[in-house]
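Here the structure comes first, spelled out in structure tokens, and everything after it is commentary.
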Amino acid sequence: MSTPNGFPQHSRVCLTRSMEGGAVQDLQAKKAGKAAKKEAGGDGAPPKIGTPISETLKLLPEELKANMKIKSITPRPPRKPRLERAASLDEKSWRKWRRFRTSQESLTDPNETSSSNGSLQEASPSPPSRGRASPCNPCCQQDSLHSSPDALEASPGGKSRGGASDLGKRASEISSAFGGLLRGKGFAGGKPRLSQIMPARPLPPMELNVASHSLRTANRIDSDCLDYRHYPQHKFGRVSSSLSDSRLQGNGTLYDNCSTDSMKSTFSVLTPIRAKDVRSRSYLEGSLLASGALMGAEELSRYFPNRSMGIFVATWNMQGQKELPVNLDDFLLPTDPDFAQDMYVIGVQEGCPDRREWEIRLQETLGPHYVLLHSAAHGVLYMTVFIRRDLIWFCSEVEYATVTTRIVSQIKTKGALGISFTFFGTSFLFITSHFTSGDSKVNERKLDYNKTIQALTLPKNVPDTNPYRSSSSDVTTRFDEVFWFGDFNFRLNKDRETVDSILSQNPDTDVSKLLVYDQLTSEMSRGSIFKGFQEADIHFRPSYKFDIGKDSYDTTSKQRTPSYTDRVVFRSRYKDDIQAVKYSSCPVIKTSDHRPVFALFRVRVRPGRDNIPLAAGLFDRDLYLIGIRRRATRELLKRREQKDQRSSSICSIS
119 MSTPNGFPQH SRVCLTRSME GGAVQDLQAK KAGKAAKKEA GGDGAPPKIG
169 TPISETLKLL PEELKANMKI KSITPRPPRK PRLERAASLD EKSWRKWRRF
219 RTSQESLTDP NETSSSNGSL QEASPSPPSR GRASPCNPCC QQDSLHSSPD
269 ALEASPGGKS RGGASDLGKR ASEISSAFGG LLRGKGFAGG KPRLSQIMPA
319 RPLPPMELNV ASHSLRTANR IDSDCLDYRH YPQHKFGRVS SSLSDSRLQG
369 NGTLYDNCST DSMKSTFSVL TPIRAKDVRS RSYLEGSLLA SGALMGAEEL
419 SRYFPNRSMG IFVATWNMQG QKELPVNLDD FLLPTDPDFA QDMYVIGVQE
469 GCPDRREWEI RLQETLGPHY VLLHSAAHGV LYMTVFIRRD LIWFCSEVEY
519 ATVTTRIVSQ IKTKGALGIS FTFFGTSFLF ITSHFTSGDS KVNERKLDYN
569 KTIQALTLPK NVPDTNPYRS SSSDVTTRFD EVFWFGDFNF RLNKDRETVD
619 SILSQNPDTD VSKLLVYDQL TSEMSRGSIF KGFQEADIHF RPSYKFDIGK
669 DSYDTTSKQR TPSYTDRVVF RSRYKDDIQA VKYSSCPVIK TSDHRPVFAL
719 FRVRVRPGRD NIPLAAGLFD RDLYLIGIRR RATRELLKRR EQKDQRSSSI
769 CSIS
């Protein structure tokens, strides 16, 4: 029985099985061989298993041998590994199946478009296909065999040129030959197991850098680093201020000796400085937009990208007490803001006798991140300015002045103390004052204010940042940002019983009924004092007058009315430059009849020029060393006490 193509049915089955492989293919190949041997009279015996293809071809008919073209494959070294993303399980299964299909298609005509039914179709010789699998034996390094059109073309009448019996004989011979070849390295478990090509000569050494220049990490980080690709053997230091180890390795990109490893040894969080910038840099003169200016916009943006800094301002009347609080953390480092501020300014009235001890305690509390920029005193008025040690280089020379508001100038218990300096291009003025006391002496307090703004001679050598908006009769107009704080001694115009009743009825944060009677709020609304100044909303209880060591207000025979005597006000040349973040008191410090009052601000900073007198990193080094040493000693003593307590504890079993 013959197929439409003129091939015997049994020959078609045998050829199909030989193409697919397996045990069924071998059995069909043997039966076809025996049938062909009987028809041919024993001349076309199939080759034995493992016979080389050269010997097999000798046994084939001359007509088939003439129409077969065999091309050898020159061994090639494996290609360089490609950068690929990690494949999922579905992708791996698909690739595995694709490799198997490719190994099967290498045995058939690559131009075949019909289903894989194993039938011989018309085909033309094609070049060797590049499959993923390689031949497993030197004898298999030829391309797939393709039938000649002359040998397989059918006649118009449906008869082949050599007759159906001749074609069946030839098909059985080809299937037997391929069956023997495939069984040489047979299919294990129905899947081809092909070994790797062994090249005729040693392969050239592969480069250590398998990443292309276009994919190198160093070339993808910054446009300034594009020239590094020409110097892969050199080791560079910091490349860009935006460079970090996480960016180099976190994206999973392949990197080599031109990327992380070469930069990690010299990488630092400090901003890299180019040599050309150092050449053009001047610390004496500069402009607002100069790239090398110390006070310029580039340097300002590096430390304050949003051009806003945090300032802590506090005032405390210590009542001249020798005893200092054991811990100042709750005062200087409140827990509400998560971060410490960039600058700390503390003003004290009626300060403790040992001013140096007070400054050491402040340094000990703030720790090694801060340095004392300047401190000044006017009698028992103290003011200290601490700043982060990273920012000490951007300050001008610090200037200060004092004013005595007493009739007798030798008695320096009442008056004002001012400290001024320029930070980048923004000028600051801090004033702490102690005005005249007394419930009814409002006018005297206003006189103290007017005398202070007229007599405080600041600035001196540091130029005014905006002289066109300054007034010679008001010191507060000669600076960009002004903070005035202290014991202003303004009281509540109400009797003690009424105030106590309001305090007992309202919670701590609702003090609006008390502020209706506040003298300072009333005078500021009229414009008679602190012109142009603002005060944040008050949500704390009166800071005066307490019994020392207690939370109760004055219980002595004088029965003084609780009042908001300790205040912090501010003003700015430019609208919205100062924003109050927090305004509160510190009730845990009870060594005085006043509670400390503090405020947190966000202040806008502008770039400046280098042609001003600079502090050049000047700070109180001795105070810094003493405070840090005491801080470490105190911590060690604390740990030792805790250890002793644990070791001395006695466990009793009942």
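Just so we're aligned, residue 119 is where the sequence shown starts under our numbering, counting upward by one.
C-beta: ideal position from N, C-alpha, C; glycine also.
All values reported here derive from a predicted model rather than from experimental measurement.
What alpha helix (DSSP H) runs, 4 residues minimum, are completely inside the stretch 547 to 580? Correct list: 560 to 573.
Taking the CB atoms as reference points, tell me whether THR594 and LEU638 lie closer together than 8 Å. Contact: no.
Quick one: grab the DSSP three-state call for GLY745. Three-state result, GLY745: helix.
Residues bridged to CYS513 [DSSP beta-bridge criterion]: CYS513 is bridged by DSSP to PHE541.
Enclosing alpha helix (DSSP H) for MET642 [first to last residue]: From DSSP, the alpha helix (DSSP H) with MET642 extends over 637 to 644.
Indicate whether PHE553 and ASN607 have their beta-carbon atoms separated by less than 8 Å. Yes.
Which residues in the same chain as ASP460 place their Cβ atom closer than 8 Å to its Cβ, once the five residues preceding and following it in sequence are excluded? Here the set comprises MET427, GLY428, ILE429, ILE505, ARG506, LEU509.
Nearest-angstrom Cα distance between LEU484 and SER661? So the alpha carbons of these two residues sit roughly 24 Å apart.
Where LEU450 and VAL715 are concerned, what is the direct C-alpha to C-alpha distance, given to the nearest angstrom? Looking at the two C-alpha atoms, the distance is approximately 10 Å.
So who's on the other strand from TRP434, going by DSSP bridges? Paired residues: VAL466.
Since SER690 and ILE696 should fall inside the 8 Å C-beta cutoff, what is the C-beta to C-beta distance between them, to a whole number of angstroms? About 5 Å separates the beta carbons of SER690 and ILE696, which is inside the 8 Å limit, making them a contact pair.
Pairwise C-alpha distance: ILE620 and SER590: Rounded to whole angstroms, SER590 to ILE620 spans 44 Å at the Cα level.
Have a look at THR523 and SER622 and give me their C-alpha separation to the nearest angstrom. Here the alpha carbon of THR523 sits roughly 37 Å from the alpha carbon of SER622.
Given PHE457 as reference, the closest of SER710, THR751, ASP762, VAL699 once Cα atoms are compared: Of the candidates SER710, THR751, ASP762, VAL699, the one whose C-alpha sits nearest the C-alpha of PHE457 is VAL699.
C-alpha distance - LEU442 paired with HIS492, whole-angstrom precision: Cα-Cα distance, rounded: 21 Å.
Whether or not the stretch 577 to 587 and the stretch 623 to 643 are in contact is what I'm after, with contact meaning three or more pairs of Cβ atoms, one per stretch, closer than 8 Å; do they touch? Contact between the stretch 623 to 643 and the stretch 577 to 587 is absent, with fewer than three C-beta pairs closer than 8 Å.
DSSP puts TRP494 in a beta bridge; with which residues? Reading off the sequence shown, one finds Ala at residue 494, where the question assumed Trp. Beta-bridge pairing links ALA494 to MET501.
Does the structure place the stretch 679 to 694 close enough to the stretch 729 to 747 that three or more beta carbon pairs sit under 8 Å? In short, these stretches do not touch, since the Cβ pair count stays below three.
Can you list, in chain order, the residues of its chain with a C-beta nearer than 6 Å to that of TYR701? Leave out the 5 residues immediately preceding and following it. Counting only Cβ-Cβ distances below 6 Å, and skipping sequence neighbours, we find ALA654, ALA717.
Can you tell me which of the three DSSP states ILE696 falls into? Of the three classes helix, strand and coil, the one that applies to ILE696 here is strand, per DSSP.
Just the C-alpha distance for ARG392 and GLY410, rounded to the nearest angstrom, thanks. Each residue's Cα considered, the two are about 10 Å apart.
Here's the rule: buried if 16 or more other CB atoms are within 10 angstroms of the residue's CB, otherwise exposed. What is GLU482? Counting Cβ neighbours within 10 Å, GLU482 comes out buried, since at least 16 surround it.
DSSP puts GLU599 in a beta bridge; with which residues? DSSP output for GLU599 lists PHE546, SER690 as bridge partner(s).
Is the Cβ-Cβ distance between TYR671 and PRO680 less than 8 Å? Their beta carbons are under 8 Å apart, which means TYR671 touches PRO680 by this criterion.
Rounded to whole angstroms, what's the CA-CA distance from LEU743 to THR683? Just pull it up for me. For LEU743 and THR683, the distance between alpha carbons rounds to 36 Å.
Helix, strand or coil: which one does DSSP assign to GLY428? In the structure shown, GLY428 falls within a strand segment according to DSSP collapsed to helix, strand and coil.
Could you tell me if GLN677 is buried or exposed, where buried requires 16 or more neighbouring beta carbons within 10 angstroms of its beta carbon? It counts as exposed.
DSSP state of TYR488 mapped onto helix, strand, coil: Collapsing the DSSP output to three states places TYR488 in a strand.
PHE449 lies in the beta strand (DSSP E); which residues open and close that run? Secondary structure note for PHE449: it is in no beta strand (DSSP E), and the uninterrupted alpha helix (DSSP H) holding it is 447 to 450.
Do you know how far the Cα of GLY543 is from the Cα of TYR421? TYR421 and GLY543: Cα-Cα distance of roughly 14 Å.
So which of ARG752, PHE512, THR550, SER545 has the shortest CA-CA distance to THR502? For the residues ARG752, PHE512, THR550, SER545, the minimum Cα distance to THR502 belongs to THR550.
So, under 8 Å CB-CB, GLU562 and PHE539 are touching, yes? Tell me the CB distance rounded to an integer number of Å. That belief does not hold up - the Cβ atoms of GLU562 and PHE539 are roughly 31 Å apart, past 8 Å.
Coarse secondary structure for THR453, derived from DSSP in three states: Correct three-state label for THR453: coil.
CB-CB length for LEU490 against LEU741, believed under 8 Å: LEU490 to LEU741, Cβ: 5 Å. Contact.
Close-in-space but distant-in-sequence residues of the same chain around GLU612 (CB under 6 Å, 5 per side omitted): Residue identity check: residue 612 is Lys in the sequence provided, not Glu. Residues TYR635 of the same chain have their beta carbon placed closer than 6 Å to that of LYS612, with the five preceding and five following residues left out of the count.
Is the distance from the Cβ of GLY726 to the Cβ of PHE603 below 8 Å? Cβ atoms of GLY726 and PHE603: not closer than 8 Å.
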